[in-house]
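Quick note on my numbering: the sequence shown kicks off at 15 and runs consecutively. Presented below is the structure to which this report refers.
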Amino acid sequence: MKGNDKIIDVLESKGLLRNAEIELKRMNSGTTSGILYTLILDKNPVYVIKMDDPKIISSTKDFLRAYKEISVIPDVIYADENDNYIVYTYIPGETHHNRGSKLEWMTILIQELFTKYNKINNDSSWGRVNGIHRSTWTDFNNISFQLAHESIGNHLPYEDHSRVKELVEKLRDYHNQEDKYYLHGDTGIHNFVYHSNKLVGVIDPSPLIGPRIYDFTYAFCSSPDSLDFETLQPLFNLWKGNLPFTEKRLIDEVIFQLYTRIGVCIKVHPQDFSSYIQAWSEWREYLY
């Protein structure tokens, strides 16, 4: 606990703890590689302390500060000068569960986050801020395809894999003309905080330089419920605004995202596999 005591001392010296009764509670870090604590003051959770690799802490800090005006993003309270840890506001609620309808929580995401992303200078590389930088978005998609293909294997027929591979090349023409955006990069239900069946927060970014559509389709495919065009269409219309973005391209992007999600599902959320395969049986019709 020595490291934790030192963090507490720093926060006290900054006047952030208000002479309160202090309790630290270890959190389940889920898909996050770091260590998380809830900092409880006078029995009320107030802050989250995240400890991780300095590169991850640095990119998290930069993302949260870049979007500090966005209501669903936690506020940075304190960042260690060596990027060993970061302290940000606690958002009450739970991830994954008691979400309400996908139409409702996706609407909030679109209005409060996805339509407020910053455009990035075209000299920047595509890909994860902390990962391998790619010269094109198609390069990023090809890696995603390879990983998903290895994970899915015989769960899908050979022809489906081939059609998705062709889809990556088909999307290349769009992506070659695409603007780059500074994205959260991991917009799944595991990183959405819900309270009273309403989305109230978005946590744990894995910052990404990519096309604006990526986080939208990632969020839509991050849970197996309501993976249908009837839910997608009004959300797409809200998201695209006046952008010249065709419905056909949207369908192609969703199919590719769903394919990669099935690959992740097999490894991490096998309980959802049958639901995703059911959704795939409907979306794959667009490939043929």
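Where a beta carbon is used, it is the ideal one built from N, C-alpha and C, also for glycine. Model, not experiment: these values are computed from the prediction.
Of the candidates L185, I217, Q247, V207, the residue whose Cα lies closest to the Cα of D200 is I217. In this structure, I265 sits away from I276, with a CB-CB distance that is not shorter than 9 Å.
The beta carbons of M120 and F234 sit about 7 Å from each other, so the pair counts as a contact at 8 Å.
Distance between L53 and H209, taken at the CA atoms: about 19 Å. DSSP, reduced to helix, strand and coil, places I203 within a helical segment of the structure shown. Closest option to K57, judged by alpha-carbon separation, among L38, Q271, G107: L38. Given a length threshold of 3 residues, the region 227 to 278 has no whole run of the beta strand (DSSP E) inside it.
In this model, V90 and I105 are separated by some 12 Å (Cα to Cα). Its chain contains E267, V268, Q271 as the residues whose beta carbon lies nearer than 6 Å to that of T231, once the 5 sequence neighbours on both sides are disregarded; these appear in chain order. Proximity of the region 188 to 202 to the region 162 to 170 falls short of the contact definition, fewer than three beta-carbon pairs being nearer than 8 Å. Linking E108 to E26 through their CA atoms gives a straight-line distance of about 28 Å. One thing to note: F128 has its Cβ no nearer than 9 Å to the Cβ of R263.
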